[in-house]
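Residue numbers (the working numbering), protein chains in the order written: chain F, 13 to 161; chain B, 285 to 696.
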Amino acid sequence: MSDLYDLYQEMILDHSKKPRNRGSVEDATNQAHGHNPLCGDKIRVTVVLEGGVVKDLRFEGDGCAISTASASLMTESVKGRSREEVDRIFSTFHALVTGQKPDVPAEELGKLAVFSGVSEFPMRVKCATLSWHTLQAALDDASDPVSTE
Amino acid sequence: MSTGVRKEFDVSAIRAEFPALSRSVYGKPLVYLDNAATSQKPRCVIDAITRYYEEINSNVHRGVHKLSQDATHAYEGARETMQRFINARSPKEVIWVRGTTEAVNLVAQTYGRSHVGAGDAVVITAMEHHSNIVPWQMLCEEKGAELRVAPMNEAGELDLEGYQALLTDEVKIVAAPHVSNALGTVNPVQRMIALAHERGIPVLLDGAQAAPHLEVDVQDLDCDFYTVSGHKMFGPTGIGVLYGKEALLDGMPPWHGGGDMIRSVTFEKTEYNDLPHKFEAGTPNIADAIGLAVAADYMTKLGLDRIAKWEHELLAYGTELLSGLEGLKIIGTAAEKASVISFLIDGIHPHDAGTVLDREGIAIRVGHHCAQPVMDFYGIPATSRASMAFYNTREDLDALAAGIVKVQELFG
Ligand SMILES: Cc1ncc(COP(=O)(O)O)c(C=O)c1O
C-alpha cells in the first residue's frame, strides 16, 4: 500500500474533498473546456487575464481525486503569475508526474510537489495534467475543447 | 486433456488450467474480475497455438504440400467446431473475422449499404457498446438514413413496447446486444427477433458478451446475424465469428477484395468465391482460428449449462455481498443478468477505486466501458465493473468486497 499513500497524500485527499477556487469567475477574459475520455472527466477553467498576468481563475467539473486536487492546487499556484511563469511551472510539474528530471528543483513547485507519487501510476498522469492542459488552452483562448487523448 | 465430464463443477481444478490465474500482482494473488473486457486463456488454447506454429504453419487453401494441407484441414475443422458451437446449419454460415467490431462493420458495409437508403432507418438499443453504434451511424450518415434507439428502463431492461413502436416500414435492420457489457442485462432477444420478423426486418445480435456465458443456438434464436469475439470466450485475441443466414450472405456484396475471396480474376472482371470465402480476403488468422475452436471445445466439455449455473451462483452471491456495503449502488439491476456487476461508491470516483483495488491485486474495469450513452442515461461519467467468468470464486468476490472497504477507508 505504500505507493498508494505516496499517490494519495494527505494534501491531495484534502483538496479533492474541499477543492479551492471551484466555480467560475465573473468577467472571465479567457476560458476553455477539457475532457479526459478515459475516465469521462470534464472540466472548465475560467480566467481573468490582465496585462499578461493571471489575476484570477476558477475551475468547475467533477473528476477523480487526482484530477480534482490537481485543479485545486493549480489554481492556488498560478494566481498572480505571468503566462511565461505558468508555462514554466507546468513543464516542471509535467516532468515531475511523468518521472522525468525537472529542469528546476522540485521544491520550487511548492505544494505541487505532492504529486510526485503520480509518476508510479502511469495511468493517472492524464488525471493530474487535465486541468493544466485546460488552463493552457484557456490562456491561448482556444475555442476547441482540449482532450487528454 | 483433463477436462472430461466431471460430477462436480471443480473450480480449483479449472483454475489450474489457466496459467495467468496463478500469478501475483504487486505481491498479492491476482483476483481477475475483468472478464467482460477480455478473458484469460486455458493451457489447451495456448498449446494449440504453439503447436500450430511449431508443426503445421503454412498458408491455407493454396498449397499442394503436406503442411498446407494440414493447416487447411485444421483451419476448416475449426470453422466446423464453431458451426457446432453456435449451431449454425452449415460451415458456409461461419465467417472468420477479428471480432465483434469487424463483424458489425462487415454487415453494415455490405448488407447495410445495399439495403439501407435515404429515408430508411436502423434500430439499435440504449445499451449498446460503441461497436454496435458507430458502424450504423456511419452508414446512416452516408445514406441519409435515421438511427433509432430503442429505450430502456432504470433497471437497464429493454422497453419492449418502445422497441416495437420503432419497427415501422422504414426499418431495414435491427442490431442489438444479446447481453449488455456495461450492465449485464440479458435481452429478451427471442421476443425482439419475433417482433422484427413479423415485419420482415432482419436482426443482428451482438453476442460478444453472451457467448462466454450462455449456450448460443442461432437456429433456435432465428437471428439473421450473430457476432462472437474469441478473446472474450477464452480464445485468442484477433479472431471471432460472424454468423449469417446463408441466403442473406449469398445475396450480399463482398467487403474486402483480394486473394482467397475470388474464383477468377482478369483485369476486366472478377468472379467472387463461394461462401464463406467470399468474405475472407487475404491470408487469414489461421493460428487463432484453431485456438478459438479449442476454446469452444473446452467450454463445451465444461458444459454450458454448468457454466451458467455456477455463474448465476456467483452473480447472486456478489450482488448480495456488494449491496450490503454501505454507500455502494449497483447500476444495472435487470431481472435477467449475466455475471456482470457495475457499481458506484458514494463520493469516490471509479478511477480512484480502480487504482486502489489494483494495488490489492484486484483487476476490475473502471470507466465508461465503451458505452458512453449508457453512462449519459444514468447521468454518470463512469462506473466500476466486476465481471465474472466460470473460473471465479466466492473468495474472489470476498476479496473485492474487502478491497472496496479499504477504498472507503482511504477516501472516507
Ligand atoms: C457488448 C460488446 N459488443 C462489442 C464489443 C467489441 O468487441 P471486440 O472489441 O472484440 O471487437 C464488446 C467488447 O468490448 C462488447 O462487450
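For glycine and all other residues, C-beta sits at the position ideal for the given N, C-alpha and C. Just so we're clear, the structure is a prediction, and the values are computed from it rather than from any experiment.
Distance cut-off 7 Å: residue i Cβ against heavy atoms of ligand 1
| i | result |
| --- | --- |
| asparagine 465 of chain B | yes |
| threonine 394 of chain B | no |
| cysteine 51 of chain F | no |
| alanine 492 of chain B | yes |
| cysteine 507 of chain B | no |
| threonine 667 of chain B | no |
| histidine 515 of chain B | yes |
| cysteine 654 of chain B | yes |
| glycine 575 of chain B | no |
| glycine 522 of chain B | no |
| serine 128 of chain F | no |
| glutamate 145 of chain F | Reading off the sequence shown, one finds histidine at residue 145 of chain F, where the question assumed glutamate. Because no heavy atom of ligand 1 lies under 7 Å away, the Cβ of histidine 145 of chain F does not count as near it: no. |
| threonine 469 of chain B | no |
| asparagine 569 of chain B | no |
| proline 419 of chain B | no |
| threonine 409 of chain B | no |
| glycine 528 of chain B | no |
| threonine 385 of chain B | yes |
| serine 415 of chain B | yes |
| proline 134 of chain F | no |
| proline 117 of chain F | no |
| alanine 495 of chain B | no |
| proline 461 of chain B | yes |
| alanine 320 of chain B | yes |
Three-state class that DSSP yields for residue i in the structure shown
| i | result |
| --- | --- |
| glutamate 555 of chain B | strand |
| glutamine 83 of chain F | Checking the sequence, you will find alanine at residue 83 of chain F rather than glutamine. In the structure shown, alanine 83 of chain F sits in a helix (DSSP, three-state: H, G or I). |
| glutamine 43 of chain F | strand |
| tryptophan 539 of chain B | coil |
| isoleucine 632 of chain B | strand |
| serine 286 of chain B | With a pLDDT of 47 at serine 286 of chain B, under the threshold of 50, the modelled position of that residue is not reliable, and the figure given next carries that caveat. The answer is coil: DSSP assigns serine 286 of chain B none of H, G, I, E or B. |
| alanine 670 of chain B | strand |
| lysine 621 of chain B | strand |
| glutamate 119 of chain F | helix |
| valine 348 of chain B | coil |
| glycine 524 of chain B | strand |
| arginine 93 of chain F | coil |
| arginine 299 of chain B | helix |
| glutamate 72 of chain F | strand |
| aspartate 331 of chain B | helix |
| valine 316 of chain B | Sequence inspection shows tyrosine at residue 316 of chain B; the valine mentioned does not correspond to that position. Looking at tyrosine 316 of chain B - three-state DSSP - the assignment turns out to be strand. |
| serine 306 of chain B | helix |
| lysine 613 of chain B | strand |
| arginine 32 of chain F | coil |
| phenylalanine 293 of chain B | coil |
Note to self: Taking contact to mean 3 or more Cβ pairs, one atom from each stretch, closer than 8 Å, check whether the stretch 487 to 501 of chain B and the stretch 459 to 478 of chain B are in contact.
What the structure shows: yes
Item checked: Segments of 4+ residues assigned as alpha helix (DSSP H) that fall wholly inside the stretch 563 to 592 of chain B -> 570 to 586
Next item on the list: For the stretch 642 to 649 of chain B and the stretch 497 to 511 of chain B, state whether three or more C-beta atom pairs, one from each stretch, are separated by less than 8 Å.
Entry: no
Next item on the list: Could you name each continuous beta strand (DSSP E) segment of 3 residues or more that falls completely within the stretch 45 to 69 of chain F, going from the start of the chain to the end?
Entry: 53 to 62
Note to self: Extract the residue ranges of the beta strand (DSSP E) inside the stretch 643 to 668 of chain B, only unbroken runs of 3 or more that lie entirely within it.
What the structure shows: 649 to 651
Next item on the list: Let me know the beta strand (DSSP E) ranges lying completely inside the stretch 402 to 456 of chain B, each 3 residues or longer, listed in chain order.
Entry: 405 to 409, 430 to 434
Checklist line | Inter-stretch contact (C-beta, 8 Å, three-pair minimum) for the stretch 658 to 675 of chain B and the stretch 616 to 624 of chain B | finding: yes
Checklist line | Sequence ranges, beta strand (DSSP E) only - wholly within the stretch 357 to 411 of chain B, length at least 3 | finding: 378 to 381, 405 to 409
Check: Would you call the stretch 56 to 63 of chain F and the stretch 652 to 665 of chain B in contact, with 3 or more CB pairs under 8 Å?
Finding: no
Next item on the list: Would you check if there are 3 or more beta carbon pairs closer than 8 Å linking the stretch 385 to 400 of chain B to the stretch 431 to 445 of chain B?
Entry: no
Margin query: Restricting to runs no shorter than 4 residues, where is the alpha helix (DSSP H) found entirely within the stretch 460 to 520 of chain B?
Written below: 473 to 482, 502 to 505
Note to self: Extract the residue ranges of the alpha helix (DSSP H) inside the stretch 121 to 155 of chain F, only unbroken runs of 4 or more that lie entirely within it.
What the structure shows: 137 to 152
Check: Could you give the uninterrupted runs of the beta strand (DSSP E) lying entirely in the stretch 670 to 696 of chain B, keeping only those of 3 residues or more?
Finding: none
Next item on the list: Determine, using beta-carbon pairs with one atom in the stretch 355 to 370 of chain B and one in the stretch 604 to 621 of chain B, whether at least three such pairs fall under 8 Å.
Entry: no
Next item on the list: Please confirm if the stretch 539 to 551 of chain B is in contact with the stretch 309 to 323 of chain B, defined as three or more CB-CB distances below 8 Å between the two stretches.
Entry: no
Next item on the list: For the stretch 508 to 526 of chain B and the stretch 570 to 580 of chain B, state whether three or more C-beta atom pairs, one from each stretch, are separated by less than 8 Å.
Entry: yes
Notebook entry, point to check: Pairing CB atoms from the stretch 580 to 597 of chain B with CB atoms from the stretch 557 to 570 of chain B, are three or more of them under 8 Å?
Noted result: no
Check: Counting pairs of Cβ atoms below 8 Å between the stretch 593 to 604 of chain B and the stretch 630 to 643 of chain B, do you hit three or more?
Finding: no
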